Amino acid sequence: MRRRSADRGGVELIAAGLALVAFVILPWSYAGSQQSGLAWATGGRWLMLAPVLLSLIAGLLARGGPNTAKLRIVLTGLGLFLLVAYAFFGSWLDGQPLISHGLGAAVLAGALLVQGTRSLAAAGDFKADRWVATTTWAIVALVLLFVFFPVVRALASAFLDTKGNFDLGAFAERFSAPEIWNANCLVGRGGCGVVPNTILLGVCAGACSTFLGLAFALVAQRGGLKNTKVFDALSLLPIITPPFVIALALVVIFGRTGIVTTFLDRTFDIPRSRWIYGLPGVLISQVLSQTPLAYMILRGALQGISPSLEEAAQTLRASPWLTFRTVTWPLLRPAVAAAFLLGFVESLADFGNPLVLGGSFEVLSTKIYFAVAGAQHDPGRAASLAIILLALTLTAFWLQTAWLGKKSYVTVTGKGDAGLPLPLPKPLRFAALSVVVPWVVLTILIYGIILVGGFVTDIGRGAMTPTLQHFVTGFAVEIDKSGLFFSGSAWDSFFVTVTVAAIAAPLTTVIGILTAYVLSRHNFVGKWAFEFLTMLSFAIPGTVIGVAYIIAFNVPPVEVAGTGLILIFCFVFRNMPVGVRAGLAALSQVDRSLDEASTTLGARTGTTVRRVTLPLLKPAIIATLVFSFVHAMTAVSAIIFLATAKYNMATVYIVNRVEAGEYPLAIAYSSLLILFMLAVVLGIQRVVGERKIGRRSVASPVVTMGAH
Amino acid sequence: MAKAASVEFIGVEKKYGQVTAVRDVSFRVEAGTLVTLLGPSGCGKTTTLRLVAGLELATGGKIMIGDQDVTALGAAERDVSMVFQSYALFPHMSVVENVMYGPLASGASRKEAEAMAREKLALIGLSGFEKRLPSELSGGQQQRVAVARAIVLEPSVLLFDEPLSNLDAKLRRKVRDDIRDLQQRLGLTVLYVTHDQQEALAVSDKVIVMDNAVIAQEGTPADLYERPRTRFLADFIGEANIVEGRFGADAGGVTFAAGSTSFGLGDIPVPEGASAVALRPDRIQLTLDPAGAFTIHRVAYVGHAREYLVTAPWGEMLVIRPLRERAIAAGTRVSLEIDLGAAIAISG
Ligand SMILES: Nc1ncnc2c1ncn2[C@@H]1O[C@H](COP(=O)(O)OP(=O)(O)O)[C@@H](O)[C@H]1O
Ligand SMILES: [Mg+2]
Chain A
1 MRRRSADRGG
11 VELIAAGLAL
21 VAFVILPWSY
31 AGSQQSGLAW
41 ATGGRWLMLA
51 PVLLSLIAGL
61 LARGGPNTAK
71 LRIVLTGLGL
81 FLLVAYAFFG
91 SWLDGQPLIS
101 HGLGAAVLAG
111 ALLVQGTRSL
121 AAAGDFKADR
131 WVATTTWAIV
141 ALVLLFVFFP
151 VVRALASAFL
161 DTKGNFDLGA
171 FAERFSAPEI
181 WNANCLVGRG
191 GCGVVPNTIL
201 LGVCAGACST
211 FLGLAFALVA
221 QRGGLKNTKV
231 FDALSLLPII
241 TPPFVIALAL
251 VVIFGRTGIV
261 TTFLDRTFDI
271 PRSRWIYGLP
281 GVLISQVLSQ
291 TPLAYMILRG
301 ALQGISPSLE
311 EAAQTLRASP
321 WLTFRTVTWP
331 LLRPAVAAAF
341 LLGFVESLAD
351 FGNPLVLGGS
361 FEVLSTKIYF
371 AVAGAQHDPG
381 RAASLAIILL
391 ALTLTAFWLQ
401 TAWLGKKSYV
411 TVTGKGDAGL
421 PLPLPKPLRF
431 AALSVVVPWV
441 VLTILIYGII
451 LVGGFVTDIG
461 RGAMTPTLQH
471 FVTGFAVEID
481 KSGLFFSGSA
491 WDSFFVTVTV
501 AAIAAPLTTV
511 IGILTAYVLS
521 RHNFVGKWAF
531 EFLTMLSFAI
541 PGTVIGVAYI
551 IAFNVPPVEV
561 AGTGLILIFC
571 FVFRNMPVGV
581 RAGLAALSQV
591 DRSLDEASTT
601 LGARTGTTVR
611 RVTLPLLKPA
621 IIATLVFSFV
631 HAMTAVSAII
641 FLATAKYNMA
651 TVYIVNRVEA
661 GEYPLAIAYS
671 SLLILFMLAV
681 VLGIQRVVGE
691 RKIGRRSVAS
701 PVVTMGAH
Chain G
709 MAKAASVEFI
719 GVEKKYGQVT
729 AVRDVSFRVE
739 AGTLVTLLGP
749 SGCGKTTTLR
759 LVAGLELATG
769 GKIMIGDQDV
779 TALGAAERDV
789 SMVFQSYALF
799 PHMSVVENVM
809 YGPLASGASR
819 KEAEAMAREK
829 LALIGLSGFE
839 KRLPSELSGG
849 QQQRVAVARA
859 IVLEPSVLLF
869 DEPLSNLDAK
879 LRRKVRDDIR
889 DLQQRLGLTV
899 LYVTHDQQEA
909 LAVSDKVIVM
919 DNAVIAQEGT
929 PADLYERPRT
939 RFLADFIGEA
949 NIVEGRFGAD
959 AGGVTFAAGS
969 TSFGLGDIPV
979 PEGASAVALR
989 PDRIQLTLDP
999 AGAFTIHRVA
1009 YVGHAREYLV
1019 TAPWGEMLVI
1029 RPLRERAIAA
1039 GTRVSLEIDL
1049 GAAIAISG
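If you read the sequences in order, they're chains A and G. Using our numbering, the first residue of the first sequence is number 1, and each one after it goes up by one. Using our numbering, the first residue of the second sequence is number 709, and each one after it goes up by one.
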């Protein structure tokens, strides 16, 4: 006999009651009018009454238990449908303009969702598990609203003319512009269009960062070095560094008045030039920021190669070099390809570096930005460019799954032998070290510049007089009668950023981990679609999301542009896939029978999750929290479209300083951000500690993804 | 295979930092014999095996293979092959490519290598599986591929590290016999690591028992079972009741007194300092005796015999009697008699 409590429909009734109360009391809209739903309805929008009535009827029917389940599914489904249909297409139905939706609408929609999904479970869907049914559908609804809808809506505007009418001609014209496709540079005549530029940059950045990452991984894992802490530190850097900071440092070093440029000019009479602006500069900065990522992928792959494979080769008389060539390298190849594709995708999505260093070298992400933010303000063109960028990105991801999915090998091992990994063959070790060492020096130089640059007059022009002026400008704090007064010009953006990040991080974690739980522990019809939807925003470049949000959420029914809310939504749904991945990885380590054991002991799914699964997921949860907090503080590509004077973000503020030529302040602020996040990450790592597994110690899983 | 060579360890030591995994170990494996290294987990068996393979280099002592001193040679320079506990099959190569790997690495042409590989695959009964990937084979088949790969170069010494540990119980006996068969058919020198004493007794010409980084005792399976020298060995190999007491002598030979009870043991060797006897449970007779000092505590029917737990003045004893003898009920008083010559005097 199951000890589960019988479902008497109490929750459904409460949901319906809440919906009614919200409809009568709460303001229906987020922006503008504070009227309740009831007031709108009685004011002439009678159609708005239908959903709440349907919710009430379904709530009352819930007393009947499973017998009325089918009927309740129909009623609540209809209610949700009407709510959404009226919100998006109401003007076609009753000729009145669309209205903005807010708290009241959200409560009603939520109530209908809970009622409907519990009815589904009561009818036997989701193995009759109400908790899973509600969670799954809630995630679907949120992702549809905050990822799928804005992207589709924005991309659709590529097909609209300036008056908002459907016009294929307009699309064809935008899409085929020579400034997009022209490939003159390949045949040596003039500059290329933005697409060849983007692909060229992506391929170079992917290849270079993979090559460097491989060298680093080989040295760290097999180089016979006693201390590899410096590599671990290196792998932390991209997580805590805002994406354009490296470009900034490169300007300070190699720009026309840069340190190295000036030195070469004075000492060797090498004339000053602007070579750093354009492909070379963007490439170097992207490679600098992506190499750690490639390093982590490849190092993980190297660790995953069982040492006994290499030992077996040795006992079969293979020399170290032959062993590397025939065993280690083939097993590493899928990871190399993965690192390359990821580097390519990261390069496409990067916005900060091309913005600072691109000069006349334009790539899709900056082009999209200027199409919306520039004087031209042409959302249609931005949308066409976004379609191309999205297509490129999705192609790369498709390649990754279609091709690499088949290529990775199932290593067959039962009980392991704990062997010793093969040391690198001597020539290879030498080659790897000769790549790694200069690169480490350059990296240290760059971070040195960032840390020092804020404390001197103008490092970009070689003015090295120590000063605190930049910090005073940005972060002055005055004390007067009324208490502390943050008079520095950067404080506002700093506080907004920390607040938004602190609100978004736990939300991201909850949604991400719940999604992972549903994906890994439950089977249901359409699971693949669910998986695709939740991973969607992972594949969408930040610039595309930014454009999509600003186009889609600037008008009813969801009108949140210009508020702090849109920033939070943006972060939550952009970072959610990271939580999903971390959660999936952690859950795959945990035997399913553990939570089945708990369930058969009579616990409800909710209890099982709380008592058994959650504690086991703790590392993934913490990793996601840290990542989404830090990423919310460093992101720029999507957020630059959404920040406003009132809700400004740290990164956007810095980018604006860079564009205004105020490098010292930008550098000072960047160094502060980096130190702040370093403190956060290290603080949490200290609290959580390192896990020891077997003979080797493995650092707690820090989830990584470039910030862009 | 004429190439089979002997292996000799002379005072070999292996340290990992502070940990001594192998301490002053000396033994000899004659060419063409199968010798097992037996001992509890962590005693240094795998390390010893890896020292033979050249995957670890000794920090002291000398290792000989045949007449060659290999102490300082690496794995690729020794004529030794190994079957790994995890099999360590190359996951990106097909079965035949796995087996061809050794010949190719030693400079054979592809054609020669493939011919050699196919021959060995046929020998172990895996013809027809050449093109499969290791992940498409069952555990037992994977292991046979690993064996084929190891013997394809006709090594002078072949090493097995717990070859049965990844197989299910049913397969174990068969694979064990197959390995022994192969070794005898090809006249290989085999060093075989296991922690299972039955397995060791069943396959070996000689067993070397290790404990705590040193060799506790070595000998033929019969030697070890019938004449364990220490309490650890008596307990580790087969089942034994260990009884503390004092040795004496009378006309019938050795006597042994445990508390107030005294036994005649017959003519057995008693080493210097022996302070206990090991009694195999099937070498003890039970006689109904209302005045006996022993009580049957529990009887268990286990199919091929009856197991009695007997309460003795010094503790519990296990006695196993064949089914053809009459059953004795629990609670019955009995007296014990030890088969003459069956008790083993042990020290420590
Ligand atoms: N690479 C190593 N580093 C440090 N200690 C080791 C290493 N390999 C083995 N040891 C130690 O040496 C001892 C013997 O190990 P091993 O030979 O694997 O035992 P067995 O195979 O008998 O179970 C153990 O205490 C083990 O912890
Ligand atoms: Mg072992």
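All residues carry an ideal CB built from backbone N, CA and C; glycine is no exception. Since the model is a prediction, treat every value here as computed from it, not as a measurement.
Cβ-based burial, histidine 377 of chain A [other Cβ within 10 Å; buried from 16]: The residue you call residue 377 of chain A lines up with position 377 of the first sequence. Histidine 377 of chain A should be labelled exposed.
Residues that valine 555 of chain A bridges to, as DSSP identifies them: Locating residue 555 of chain A in the first sequence gives position 555, where the first residue counts as 1. DSSP, once it has assigned bridges, lists no residue as partnering valine 555 of chain A.
Segment limits, beta strand (DSSP E) that includes serine 1043 of chain G: Sequence index remark: in the second sequence, residue 1043 of chain G carries index 335 (1-based). Going by DSSP, serine 1043 of chain G is part of the beta strand (DSSP E) stretching over 1041-1046.
Those residues, in chain order, that have a beta-carbon closer than 5 Å to some heavy atom of ligand 1: Here the list is G:Tyr724, G:Val727, G:Ala729, G:Ser749, G:Gly750, G:Cys751, G:Gly752, G:Lys753, G:Thr754, G:Thr755.
Beta-carbon proximity list for tyrosine 1016 of chain G, same chain, < 6 Å, skipping 5 on both sides: Within the second sequence, the letter at position 308 stands for residue 1016 of chain G. Counting only Cβ-Cβ distances below 6 Å, and skipping sequence neighbours, we find Ile1004, Val1007, Val1027.
Separation of glycine 419 of chain A from serine 308 of chain A, as counted between CA atoms: In the first sequence, the residue the question calls residue 308 of chain A occupies position 308. In the first sequence, the residue the question calls residue 419 of chain A occupies position 419. Spanning the two alpha carbons is a distance of roughly 5 Å.
Three-state secondary structure assigned by DSSP to histidine 1057 of chain G: A query on residue 1057 of chain G cannot be resolved here, the shown segment of chain G reaching from 709 to 1056 and no further.
Near ligand 2: aspartate 869 of chain G beta-carbon under 7 Å from a heavy atom: Position 161 of the second sequence, counted from the start, is the residue given in the question as residue 869 of chain G. Within the cutoff, so yes.
Exposure label - glutamine 96 of chain A; buried when at least 16 CB within 10 Å: Locating residue 96 of chain A in the first sequence gives position 96, counting from the first residue. The residue in question, glutamine 96 of chain A, is exposed, as its Cβ has fewer than 16 Cβ neighbours within 10 Å.
Interfacial residues, the segment 793-824 of chain G to chain C, with Cβ spacing under 8 Å: Absent from the structure: chain C. Protein chains present are A and G.
Where the segment 329-345 of chain A meets chain G: residues whose CB sits under 9 Å from a CB there: Residues of the segment 329-345 of chain A whose Cβ lies closer than 9 Å to any Cβ of chain G, in chain order: Pro330, Leu331, Arg333.
Cβ-based neighbour list, serine 347 of chain A, same chain, cut-off 6 Å, excluding 5 preceding and 5 following: In the first sequence, counting from the first residue as 1, residue 347 of chain A sits at position 347. Shown here for serine 347 of chain A: same chain residues with a beta carbon closer than 6 Å to its own, the five before and five after excluded, namely Leu201, Gly202, Ala205, Gln286 in chain order.
Residues of the segment 296-315 of chain A whose Cβ lies closer than 8 Å to any Cβ of chain G, in chain order: Against chain G - using a Cβ distance shorter than 8 Å - the residues of the segment 296-315 of chain A are Ser306, Ser308, Leu309, Glu311, Ala312, Ala313, Gln314, Thr315.
Start and end residues, beta strand (DSSP E) containing glycine 956 of chain G: As a working mapping, residue 956 of chain G is identified with position 248 in the second sequence. For glycine 956 of chain G, the uninterrupted beta strand (DSSP E) segment begins and ends at 954-958.
Minimum C-alpha distance to phenylalanine 397 of chain A - residue among A:Phe627, A:Ile684, A:Ala138, A:Phe344: Working through the first sequence from its first residue, we reach residue 397 of chain A at position 397. Of A:Phe627, A:Ile684, A:Ala138, A:Phe344, the residue nearest in Cα terms is A:Phe344.
Endpoints, the alpha helix (DSSP H) within which valine 496 of chain A is located: Taking the first sequence and counting its residues from 1, one reaches residue 496 of chain A at position 496. Judged by DSSP secondary structure, valine 496 of chain A falls within the alpha helix (DSSP H) whose first and last residues are 491-521.
C-alpha distance - leucine 445 of chain A paired with valine 558 of chain A, whole-angstrom precision: Sequence index remark: in the first sequence, residue 445 of chain A carries index 445 (1-based). Sequence index remark: in the first sequence, residue 558 of chain A carries index 558 (1-based). One C-alpha to the other measures close to 47 Å.
C-alpha gap between methionine 576 of chain A and alanine 233 of chain A, whole angstroms: Taking the first residue of the first sequence as 1, we reach residue 576 of chain A at position 576. Taking the first residue of the first sequence as 1, we reach residue 233 of chain A at position 233. Taken atom to atom, the span from the alpha-carbon of methionine 576 of chain A to that of alanine 233 of chain A is near 25 Å.
Cβ neighbours of alanine 505 of chain A in the same chain (closer than 7 Å, five flanking residues each side left out): Reading the first sequence from its first residue, position 505 is the one you call residue 505 of chain A. Leu625, Ser628, Phe629, Ala632.
Contact between the segment 323-338 of chain A and the segment 236-255 of chain A (3+ Cβ pairs under 8 Å): Cβ pair count under 8 Å is below three, so no.
Euclidean distance between Cα positions of threonine 68 of chain A and valine 132 of chain A: If you number the first sequence from 1, residue 68 of chain A lands on position 68. If you number the first sequence from 1, residue 132 of chain A lands on position 132. If I take the Cα positions, the gap works out to 20 Å.
Candidates G:Leu973, G:Leu896, G:Leu759, of which the one nearest valine 733 of chain G by Cα: Counted from its first residue, the second sequence places residue 733 of chain G at position 25. It is G:Leu759 whose Cα lies nearest to the Cα of valine 733 of chain G.
Coil, strand or helix - glutamine 905 of chain G by DSSP: Indexing the second sequence from 1 puts residue 905 of chain G at position 197. Here glutamine 905 of chain G sits in helix by DSSP.
Integer-rounded CB distance, given that valine 363 of chain A should sit under 8 Å from threonine 198 of chain A: Here residue 198 of chain A is taken as the residue at index 198 of the first sequence, counted from 1. Here residue 363 of chain A is taken as the residue at index 363 of the first sequence, counted from 1. That belief holds up - the Cβ atoms of threonine 198 of chain A and valine 363 of chain A are roughly 5 Å apart, short of 8 Å.
Closest Cα partner of glutamine 851 of chain G within the set G:Glu838, G:Leu866, G:Pro871, G:Ile859: On the second sequence, position 143 is the one that residue 851 of chain G refers to. Nearest option by C-alpha distance: G:Pro871.
Residue-chain proximity (leucine 424 of chain A, chain G), Cβ-Cβ < 8 Å: Here residue 424 of chain A refers to the residue found at position 424 of the first sequence. Look at leucine 424 of chain A: its C-beta is not under 8 Å from any C-beta on chain G.
Whether leucine 298 of chain A touches valine 336 of chain A by CB criterion (8 Å): Numbered from its first residue, the first sequence carries residue 298 of chain A at position 298. Numbered from its first residue, the first sequence carries residue 336 of chain A at position 336. Taking 8 Å as the cut-off, the Cβ atoms of leucine 298 of chain A and valine 336 of chain A count as close.
Of the listed residues A:Leu225, A:Leu316, A:Met296, nearest to glycine 782 of chain G (C-alpha basis): Here residue 782 of chain G refers to the residue found at position 74 when the second sequence is read from its first residue. Of the candidates A:Leu225, A:Leu316, A:Met296, the one whose C-alpha sits nearest the C-alpha of glycine 782 of chain G is A:Leu316.
Contacts of arginine 581 of chain A in chain G (Cβ-Cβ under 8 Å): Sequence index remark: in the first sequence, residue 581 of chain A carries index 581 (1-based). Within chain G, no C-beta atom comes nearer than 8 Å to that of arginine 581 of chain A; the closest sits roughly 24 Å away.
Check whether alanine 463 of chain A and glycine 474 of chain A have beta carbons under 8 Å apart: Counting from one through the first sequence, the residue named residue 463 of chain A turns up at place 463. Counting from one through the first sequence, the residue named residue 474 of chain A turns up at place 474. No, Cβ-Cβ distance for alanine 463 of chain A and glycine 474 of chain A is not below 8 Å.
Identified DSSP bridge partners for serine 1055 of chain G: Here residue 1055 of chain G refers to the residue found at position 347 when the second sequence is read from its first residue. Per the DSSP secondary-structure output, serine 1055 of chain G pairs in a beta bridge with G:Thr938.
Nearest residue (CA-CA) to valine 804 of chain G, options G:Met790, G:Ile832, G:Val778: Along the second sequence, one-based indexing puts residue 804 of chain G at 96. Selected option, being the one with the closest Cα: G:Ile832.
Residue-chain proximity (glycine 414 of chain A, chain G), Cβ-Cβ < 8 Å: Sequence index remark: in the first sequence, residue 414 of chain A carries index 414 (1-based). With a pLDDT of 45 at glycine 414 of chain A, under the threshold of 50, the modelled position of this residue cannot be trusted, and the question is left open.
Closer than 8 Å to chain A by CB, leucine 861 of chain G: Counting from 1 along the second sequence, the entry for residue 861 of chain G is found at position 153. It does; some Cβ of chain A falls within 8 Å.
Cross-strand partners of alanine 1008 of chain G (DSSP beta bridge): As a position in the second sequence, residue 1008 of chain G is number 300, starting the count at 1. Alanine 1008 of chain G has G:Glu1015 as its beta-bridge partners, per DSSP.
For phenylalanine 485 of chain A, three-class secondary structure by DSSP: The residue given as residue 485 of chain A occupies position 485 in the first sequence. In the structure shown, phenylalanine 485 of chain A sits in a strand (DSSP, three-state: E or B).
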